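Novice: Have a look at the structure that comes next, please.
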Amino acid sequence: MIALTVNSIVGAGVLALPAKLAIDAGNWSLAVILAAFVVVGLLALSLAEVASRYDVTGGPQYYAQVTFGPLTGFTVGWLFTLSSLASTALIAQVMLDYAVALWPALAAAWPRAVVITAFTIVLAVINVRGVTRGAWIGNLLTIAKLLPLGLIALAGLWFAGWNHIPVTEPRQPDGLSGALQVAIFACVGFHVAAVVAGEMREPRRDLPVSILGGLAIACLLYLLLMLACFGVLPDTAASALPLVDVARAFLGQAGGTLMAVAAVVSCAGGLTVQFLVGPRYVYALGVARDLPRPIAAVHRVFRTPHAAIIAYAAVAWLLTITGTFKYLLAIFVIARVLAHGSTAAALIVLRRREGPAPVTVRGGVVIAVLALLACAGIVVTTSWTAVRDVAIALAVGLLIRAAARYRERKCAITPA
75 MIALTVNSIV GAGVLALPAK LAIDAGNWSL AVILAAFVVV GLLALSLAEV
125 ASRYDVTGGP QYYAQVTFGP LTGFTVGWLF TLSSLASTAL IAQVMLDYAV
175 ALWPALAAAW PRAVVITAFT IVLAVINVRG VTRGAWIGNL LTIAKLLPLG
225 LIALAGLWFA GWNHIPVTEP RQPDGLSGAL QVAIFACVGF HVAAVVAGEM
275 REPRRDLPVS ILGGLAIACL LYLLLMLACF GVLPDTAASA LPLVDVARAF
325 LGQAGGTLMA VAAVVSCAGG LTVQFLVGPR YVYALGVARD LPRPIAAVHR
375 VFRTPHAAII AYAAVAWLLT ITGTFKYLLA IFVIARVLAH GSTAAALIVL
425 RRREGPAPVT VRGGVVIAVL ALLACAGIVV TTSWTAVRDV AIALAVGLLI
475 RAAARYRERK CAITPA
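As structure tokens, then:
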């Protein structure tokens, strides 16, 4: 379970982390990483307790529904769908950035558009043809993820120290808030272990340890990667791909190429997982009749939710092509912290309504309150343009739900 948590957290976010933090946070980079893991830890502990009450799939969307009602459940599910789409676009952009080191032509807009279009079509087709193919390819592509990152992290122990921390101050006026958003993007994924709590032998004993242990390992890895970049590179903020440049410093051009390949493969693996899981959020909303009925269609031959997969792929492709990294990051962070914040709120309500949970986190109410305050603080310090657009997206989702429900009622009372 610890390995599952680490594997879920460490993804494309860590590849974007060193350069973004060095630019935005400067000598506060390590503190920002620690702050992000504290926030994520609070949310993860809240999720661990609430998840232990249920043996069903659905995660935070289901917890919100049984605690606060169907409308809140839909809102959380819609937020997860929005954050999943933004995350898919972010991972695709990071993959293209590292692919530039292998094929410099991808620095131009049109080659990037052609490559991501082709890759999106391939992933959509693979997932329409069967969940087994998508899962197998995702597992295969993530094998190479941790090895090169672990080697560079070890370099942080040998070649860096506190005297290598840059002297630059955080970028004004929003450097620290922007850096925290990047760090949170790199830290999420903790919810996977909690969602499968019902299948653990002893969740009361193992779940909090699994989540906190996985978070601690990922946090240590991120800190060492930052130290390696600071210790080896003259100016991490000036490097477009710091991890590639660190590998190149140790092993020459071949080392840089290998790191770029590993990064592209890791992102490709992350995208296969996103295309496997993300459309299921959309499909679940369709099955619940919160979206128009055609979105819940299942392929007659492959038995996959092909309509949801195609719709998800189309929107993710559009966001990748048109969205900037900073904008997509803000959308992702707002939607995801609001969705996870609902679970922290559910902890407080469920303790009062139903008593102790099978996994009772010590100081759980205090932890949940702190998590909610942290979520609120993150949202209010994020771009107001992104806050506005998330609010618009929520309003659109609620209108679609209302229209779908109205159509269902109308069909139910119309005589055959």
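Here the working numbering is used: position 187 in the sequence shown is 261, and no number is missing along the way. We treat Cβ as the ideally placed atom computed from N, Cα and C, and that holds for glycine. Note that this is a predicted model, so its numbers are computed, not measured.
Unbroken beta strand (DSSP E) runs of length 3 or more, entirely within the region 113 to 147: which are they?
Specialist: Listed in chain order, there is nothing to give.
Novice: Which stretch, first to last residue, makes up the alpha helix (DSSP H) that contains R322?
Specialist: Residues P316 to V361.
Novice: Three-state secondary structure (DSSP) at H414?
Specialist: Helix, per DSSP.
Novice: Would the region 465 to 483 count as touching the region 357 to 371 if we require 3 or more Cβ pairs under 8 Å?
Specialist: Contact between the region 465 to 483 and the region 357 to 371 is present, because at least three Cβ pairs lie under 8 Å.
Novice: Return the chain-ordered ranges of every beta strand (DSSP E) run that is complete within the region 282 to 321 and spans a minimum of 3 residues.
Specialist: Entirely contained in the region 282 to 321, not one beta strand (DSSP E) run reaches 3 residues.
Novice: Report the option in V113, S158, V114 and W152 whose CA atom is closest to the CA atom of V470.
Specialist: V470 has its Cα closest to that of W152, out of V113, S158, V114 and W152.
Novice: Pop quiz: D319 and L307 are said to be a contact at Cβ under 8 Å. What is the actual Cβ separation, rounded to whole angstroms?
Specialist: Right, their Cβ atoms sit about 6 Å apart.
Novice: DSSP state of I239, grouped into three classes?
Specialist: Of the three classes helix, strand and coil, the one that applies to I239 here is coil, per DSSP.
Novice: Would you mind stating whether P144 and C303 have Cβ atoms separated by less than 7 Å?
Specialist: Against a cut-off of 7 Å, the Cβ pair of C303 and P144 comes out as no contact.
Novice: Are the region 171 to 188 and the region 419 to 439 touching by the rule of at least three beta carbon pairs closer than 8 Å?
Specialist: No: fewer than three Cβ pairs fall under 8 Å.
Novice: Three Cβ pairs or more, each shorter than 8 Å: is that satisfied between the region 373 to 382 and the region 95 to 106?
Specialist: At 8 Å Cβ cutoff, the stretches do not touch.
Novice: Taking the beta carbon of W232 as the centre, do at least 16 other beta carbons fall within 10 Å, making it buried, or is it exposed?
Specialist: Exposed, because fewer than 16 other Cβ atoms sit within 10 Å of the Cβ of W232.
Novice: Between L156 and A385, which are expected to be in contact by the criterion C-beta below 8 Å, what is the C-beta distance as a whole number of angstroms?
Specialist: So it is not a contact: roughly 13 Å between Cβ atoms.
Novice: On the three-state DSSP scale, how would you describe H265?
Specialist: Residue state, collapsed to three classes: helix.
Novice: Across the region 439 to 450 and the region 279 to 299, are there enough close Cβ pairs to call them in contact, namely three or more that are closer than 8 Å?
Specialist: Short answer: they don't touch.
Novice: Whose C-beta lies closer than 7 Å to the C-beta of G115 among residues of the same chain, with five residues either side of it excluded?
Specialist: If we look at G115 and ignore the five residues flanking it on each side, its Cβ neighbours are L286 and L289.
Novice: Look at the alpha carbon of V356 and the alpha carbon of A86, and state the distance between them as a whole number of angstroms.
Specialist: Their backbone Cα atoms lie some 23 Å apart in a straight line.
Novice: Under a three-way DSSP split, which group does P373 fall into?
Specialist: The amino acid occupying residue 373 in the given sequence is His; Pro does not appear at that position. DSSP places H373 in coil when its eight states are reduced to three.
Novice: To which residues of the same chain is L180 closer than 7 Å at the C-beta, ignoring the five residues directly before and after it?
Specialist: Once the five neighbours on either side are set aside, the close Cβ partners of L180 are L170, A173, V174, R186 and V189.
Novice: Put Q255 into one of helix, strand or coil per three-state DSSP.
Specialist: Three-state result, Q255: helix.
Novice: Tell me, to the nearest whole angstrom, how far the beta carbon of A311 is from that of P222; I am working on the premise that it is less than 8 Å.
Specialist: Rounded, the Cβ-Cβ distance is 22 Å, inconsistent with contact.
Novice: My assumption, with CB atoms under 8 Å, is that R245 sits in contact with I452. Please give the rounded CB distance.
Specialist: With a Cβ gap of about 18 Å, R245 and I452 do not count as contacting.
Novice: Ignore the nearest five residues each way along the sequence and tell me which others in V423's own chain have a CB closer than 8 Å to its CB.
Specialist: Correct list, in chain order: T141 and F142.
Novice: Just verifying my parser: in three-state terms, what is the DSSP assignment at R71?
Specialist: Residue 71 is absent from the structure shown; the chain starts at 75 and stops at 490.
Novice: Excluding five sequence neighbours on each side, which residues of the same chain lie with their C-beta closer than 7 Å to the C-beta of G230?
Specialist: L298, L299, L301, A302 and G305, listed in sequence order.
Novice: Going by beta-carbon coordinates alone, are T396 and A166 separated by less than 7 Å?
Specialist: Contact flag unset, no.
Novice: Going by beta carbon distance, what residues of the same chain come within less than 8 Å of A334, once the five residues before and after it are set aside?
Specialist: The answer, listed in chain order, is Y172, A173, A175, L176, L315 and V318.
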